[in-house]
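Have a look at the structure below before the remarks.
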Amino acid sequence: MNRLGDRIRILRCGRDLTQQALADELGVSRSAVAMWEKGEREPNLETLEALAEIFGVPLSVLVERASPELPANVIPVTRRRIPLLGAIAAGEPIFAEQSYETYVDVGGSVHADFALKVQGDSMEPLYKSGDIVFIRKQDDVRDGQVAAVVIDDGATLKRVYHLPIGVQLMPINPAYEPMLFTAENSDVIRILGLAVGYFRRTV
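By full-length UniProt numbering, the letter at position 47 of the sequence shown is numbered 47, and the numbering carries on one by one without gaps.
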């Protein structure tokens, strides 16, 4: 598998991405991705770096032409460590202790900056108490996405909805009430980032 286009195709398929989905992530046309995979063109260095980030592999996996040939079903896998910052409530907000003494391993395809441990059951059945949730840092999310949100000195995990009158934080568990923040109190909340994955220990 020495041709760059073959490596792009195999890594793309390994992440269950269509050519169009990959093109959307890169901000290019689908035809550009198709030409890379056919060997008709090659992406520039900046795009190669973006591809490596999306696939969760070192840049060398894409650019080293002398790599040994791999079967089509074998995908290079990398792992990295991200800080576990503390606990986050799936219920009432709790303080998120920012301790960097603990780290967790994540797969290279998980684009997360840090992790938080869930306490509470307001996000069940999606997230359970004890789950480790992986968070990608960003200051806003789309409606319906699950985010880690700081409220005063506490942090909570909720679905976020932008309403004409403010921001609503919605639990999944119907036993809990939504939390509404209007212009009068919206300054007390801040989005930490988007939930992009989780780890659950199984017995």
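Even glycine gets a Cβ: it sits at the ideal position worked out from N, Cα and C.
Use the C-beta contact count for residue i: other C-beta atoms within 10 angstroms, 16 or more gives buried, fewer gives exposed.
i	result
residue 8	buried
residue 195	buried
residue 156	buried
residue 175	exposed
residue 85	buried
residue 103	exposed
residue 188	exposed
residue 137	exposed
residue 193	buried
What residue from the options has the CA that sits closest to residue i's CA?
i	options	result
residue 163	58, 182, 38, 17	182
residue 205	141, 52, 130, 6	Not covered by the structure: residue 205. The range shown for the chain is 1 to 203.
residue 191	201, 142, 118	142
residue 112	61, 60, 148	148
residue 135	50, 42, 115, 158	115
residue 224	127, 140, 138	Coverage of the chain is limited to positions 1 through 203, which leaves residue 224 absent and any answer about it impossible.
residue 15	28, 132, 55, 167	55
residue 40	62, 6, 13	6
residue 185	178, 177, 152, 158	152
residue 80	62, 63, 57	57
residue 123	145, 140, 139	145
Roughly how many angstroms lie between the CA atoms of residue i and residue j, to the nearest whole one?
i	j	result
residue 33	residue 19	6 angstroms
residue 160	residue 3	44 angstroms
residue 169	residue 129	18 angstroms
residue 105	residue 117	14 angstroms
residue 125	residue 172	8 angstroms
residue 45	residue 165	45 angstroms
residue 180	residue 121	19 angstroms
residue 22	residue 48	12 angstroms
residue 38	residue 110	27 angstroms
residue 60	residue 132	30 angstroms
residue 43	residue 36	7 angstroms
residue 24	residue 30	8 angstroms
residue 83	residue 177	31 angstroms
* Asked: In chain order, which continuous runs of the beta strand (DSSP E) of length 3 or greater are located wholly inside the segment 173-202?
  -> Taking only runs of at least 3 residues, the beta strand (DSSP E) segments lying wholly in the segment 173-202 are 179-182, 189-199.
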